[in-house]
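Visitor:
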DNA sequence: TTGAAAGCGCTAACAA
DNA sequence: TTGTTAGCGCTTTCAA
């Protein structure tokens, strides 16, 4: 009863045609006589034949799979990126190979090099500086990059970090905040842009920025940094955090230390992860539209694979989402 | 300068050996004379030869890839499961094919059937009742199932939902809660067990359980259900939620409605997602060790693929994590 | 220790 | 519309 899996030859034999015919039929490459069509349909049904994707890939050179690497899948921002990419991939009949690099650059390269042979294209979310990314190009696979590449020539999707930072800072200023701090994460390639946006808005008012740097883009890093900020020598009215995770951690710790947000200090983050809605106070955030970023990257990659000329850089707009962690200061 | 990718034949030719020799060398299947070894090493290095995984898979029937399907990657519980599975896979040289079924059963089957030919094994997190899962067995691939299968014969990994529910309920009772409610999500296969655990603890004290059912395992569903619970006819001391997302949503809405947690009502959830720590009050939760579940499933699958006889069911223990959403009631 | 030969399951010219 | 014929890049007997 246990029959070995049916191959194209089994089908051809059973239907009394050549396997080329079966191949063409299965792939809908051609029209057929009703007789053959009927026989093939029924035989395939009967044998439960499904073409072997490996054999197919080997010969066509296309795998119908896309490799996606992110830095940490448990960070809701990346989870959303994956969501968006996954949805588009599925809609186009592509499979997603996920790589969680866990913020480990050494892993990243090796994993991606291995992966590259098994996929039609790559989407890469990395912290590795462009200067060290030549191997990515050398892979010879279509790839989409998250960020604004200067040096490497890869189609990219970026959030409008600088504008987002500028916007939220202007908002803070309009609320009467004067002494603004930035809790950055310098290892991120986005850190610079966000800081620049904040600085720019501040500079327009002749204000200086106080900068702190977190050791990780995580809530616990935000918690750790809190005391040195709220109890430090430079009192702050407002703190712009590199991301929501840091902001959440900071707020929690601040509260433990007896500081009230936003009464004592306003806090904002980036990414607008859903959990910013459930902290208290709710977290004001710059929505970078993570899911849309993932979807846009996948669409772009698929277009490139299709031979279409995709625009080099897609910028997803940022949007300020106001919640209770910021308030008017008198 | 643009050279096409090197094949095993190129290497064989350049090194003056047969491609069988190259194959054996690359796979370390055999020992070689120093001369051959040296030549091969240098030629491979020079040509940058890497064996084509597709061709390899086609012939050996092994892909070194595992398919993992989850219900919603933006739910931190699943993100953690993926994290755990991904880590173990990477450590063993396996690649992860991720499927986000988005809670859509129709998608699930099709995606998994497609996937099954490209992977050596499958890990499936599903809501589909076992009775409708015969196709999964028919795929003929090693598979690991999340849950406690009754009917189908698949190695599985399960959390100890019933015990976890029992524990947290006993805790609530010991704090003096009497009128306990359960916000369930009946579509989940885990819902029954959690409810049973709560019921059992309550029954020991002769208490009844009030049950509500959410339309989704999400924060917004929790928000929606809130008013009918806190403003309903049956006042509650405590609410056990199917998961942390529901609990978070509920708490937020309760607060908006002017109810205080835990003063007016204690709230607990399941999964112990990290964001339960940042809500306020912090959310008491049953930690099901999501990441460990993912890792355990992957380990089990890999063992099965390796031909080892894995135990049929691995149960990951539950642990109560106390935070401020529960308090002694007088 | 090495190589020759026979495929794995499929597609892609090209003929018929 | 259908079939023939070559492989794709690799592994695997089996013989040398």
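Chains as they are written, first to last, in UniProt numbering: chain A, 1 to 330; chain B, 1 to 330.
Positions of the beta carbon are idealized from the N, C-alpha and C atoms, including for glycine.
At what residues does the beta strand (DSSP E) containing residue 161(A) begin and finish?
Guide: Where residue 161(A) is concerned, there is no enclosing beta strand (DSSP E), although the alpha helix (DSSP H) it sits in stretches over 161-174.
Visitor: Output yes if chain A places a C-beta closer than 8 Å to the C-beta of residue 74(B); else output no.
Guide: Yes, its Cβ sits closer than 8 Å to a Cβ of chain A.
Visitor: Mapping the DSSP letters down to three states, classify residue 90(B) as helix, strand or coil.
Guide: Looking at residue 90(B) - three-state DSSP - the assignment turns out to be helix.
Visitor: Quick check: the Cα distance between residue 404(B) and residue 225(A), rounded to an integer number of angstroms?
Guide: Residue 404(B) lies beyond the stretch modelled for chain B, which goes from 1 to 330, so this question has no answer here.
Visitor: Is the CB of residue 284(B) under 8 Å away from at least one CB in chain A?
Guide: No, residue 284(B) does not count as interfacial toward chain A.
Visitor: Which first and last residues belong to the alpha helix (DSSP H) in which residue 263(A) is found?
Guide: Neither: residue 263(A) is in no alpha helix (DSSP H) and is coded neither H nor E.
Visitor: Could you compute how far the alpha carbon of residue 165(A) sits from the alpha carbon of residue 317(B)?
Guide: The alpha-carbon atoms of residue 165(A) and residue 317(B) are separated by roughly 44 Å.
Visitor: Does the contact criterion of 3 or more C-beta pairs under 8 Å hold for the region 257-271 of chain B versus the region 282-293 of chain B?
Guide: Touching, yes.
Visitor: For the beta strand (DSSP E) containing residue 255(A), list its first residue and its last residue.
Guide: Careful: residue 255(A) lies outside any beta strand (DSSP E), inside the alpha helix (DSSP H) at 244-256.
Visitor: Any idea if residue 306(B) is buried or exposed, counting beta-carbon neighbours within 10 angstroms, 16 or more meaning buried?
Guide: By the neighbour-count rule (16 or more Cβ atoms within 10 Å), residue 306(B) is not buried but exposed.
Visitor: Which bits of chain A does residue 52(B) rub up against, with CB to CB less than 7 Å?
Guide: 117, listed in chain order.
Visitor: In whole angstroms, what separates the C-alpha of residue 278(A) from that of residue 97(B)?
Guide: Rounded to the nearest angstrom, the two C-alpha atoms are 32 Å apart.
Visitor: Count Cβ pairs between the region 140-157 of chain A and the region 287-307 of chain A that sit closer than 8 Å; are there 3 or more?
Guide: Because the criterion of three Cβ pairs below 8 Å is met, the region 140-157 of chain A and the region 287-307 of chain A touch.
Visitor: At 7 Å on the CB atoms, spell out the chain B contacts of residue 82(A), in chain order.
Guide: Within chain B, the residues near residue 82(A) are 73.
Visitor: Hey, would you say residue 147(A) sits closer than 8 Å to residue 158(A), going by beta carbons?
Guide: Contact flag set, yes.
Visitor: What whole-angstrom Cβ distance do residue 248(A) and residue 212(A) have, given they're in contact under 8 Å?
Guide: So it is not a contact: roughly 16 Å between Cβ atoms.
Visitor: At the 8 Å Cβ level, is residue 1(B) part of the contact set with chain A, yes or no?
Guide: In this predicted model, residue 1(B) has a pLDDT of only 37, less than 50, meaning its place in the structure is not dependable enough to derive any value.
Visitor: Would residue 94(A) pass as a contact of residue 55(A) if the rule is Cβ separation under 8 Å?
Guide: Not closer than 8 Å, so no.
Visitor: Check each candidate in 156(A), 243(A), 52(A) and name the one with the smallest Cα separation from residue 219(A).
Guide: The shortest Cα separation from residue 219(A) among 156(A), 243(A), 52(A) belongs to 243(A).
Visitor: Quick check: the Cα distance between residue 61(B) and residue 19(B), rounded to an integer number of angstroms?
Guide: The straight-line gap from Cα to Cα measures roughly 20 Å.
Visitor: Counting only runs of 3+ residues fully inside the region 81-163 of chain A, write out the beta strand (DSSP E) ranges in chain order.
Guide: DSSP runs (the beta strand (DSSP E)) wholly in the region 81-163 of chain A: 95-100, 121-124, 143-146, 156-159.
Visitor: Skipping 5 residues on each side, what residues in its chain have a beta carbon closer than 8 Å to that of residue 11(B)?
Guide: If we look at residue 11(B) and ignore the five residues flanking it on each side, its Cβ neighbours are 19, 22, 40, 43, 44, 47, 49.
Visitor: Taking a cut of 8 Å between CB atoms, which residues from the region 84-109 of chain B lie near chain A?
Guide: Residues passing the 8 Å Cβ filter: 86, 87, 90, 95, 96, 97, 98, 99, 100, 102, 107.
Visitor: Check the Cβ-Cβ distances between residue 250(A) and every residue of chain B, and say whether any is below 8 Å.
Guide: Judged by the 8 Å Cβ criterion, residue 250(A) is not in contact with chain B.
Visitor: Alpha carbon to alpha carbon, how far is residue 79(B) from residue 186(B)? Give it in angstroms, no decimals.
Guide: Computed Cα separation, rounded: 22 Å.
Visitor: Is the Cβ-Cβ distance between residue 121(B) and residue 99(B) less than 8 Å?
Guide: Against a cut-off of 8 Å, the Cβ pair of residue 99(B) and residue 121(B) comes out as no contact.
Visitor: Near residue 82(B), what residues of its chain come up, given a Cβ to Cβ distance below 8 Å and the 5 sequence neighbours on each side ignored?
Guide: Only 68, 70, 73, 96, 98, 294 meet the Cβ criterion.
Visitor: With DSSP run on the structure shown, which of helix, strand or coil describes residue 285(A)?
Guide: Correct three-state label for residue 285(A): strand.
Visitor: Answer yes or no: does any C-beta atom of chain A fall closer than 8 Å to that of residue 31(B)?
Guide: It does not; no Cβ of chain A falls within 8 Å.
Visitor: Quick test of your reading: residue 245(B) and residue 222(B), contact by CB under 8 Å. State the CB separation rounded to the nearest angstrom.
Guide: Sure, about 7 Å apart at Cβ, within 8 Å.
Visitor: I'd like to know if residue 58(B) contacts chain A, where contact means its C-beta is closer than 8 Å to some C-beta of that chain.
Guide: Closer than 8 Å: yes.
Visitor: Are the beta-carbon atoms of residue 325(A) and residue 230(A) separated by less than 8 Å?
Guide: It is not a contact, given that the beta carbons lie outside the stated cut-off.
Visitor: Is residue 14(A) closer than 8 Å to residue 155(A) when the C-beta atoms are compared?
Guide: The answer is no: Cβ separation not under 8 Å.
Visitor: Run the CB neighbour count on residue 273(B), radius 10 Å, all protein chains shown included, and call it buried at 16 or more, exposed below.
Guide: Residue 273(B) is buried by the Cβ-count criterion.
Visitor: Per DSSP, residue 65(A) is paired with what?
Guide: Residue 65(A) is bridged to 95(A).
Visitor: Could you work out which residues of chain A lie near residue 79(B), taking near to mean beta carbons separated by less than 8 Å?
Guide: Correct list: 73, 74, 76, 79.
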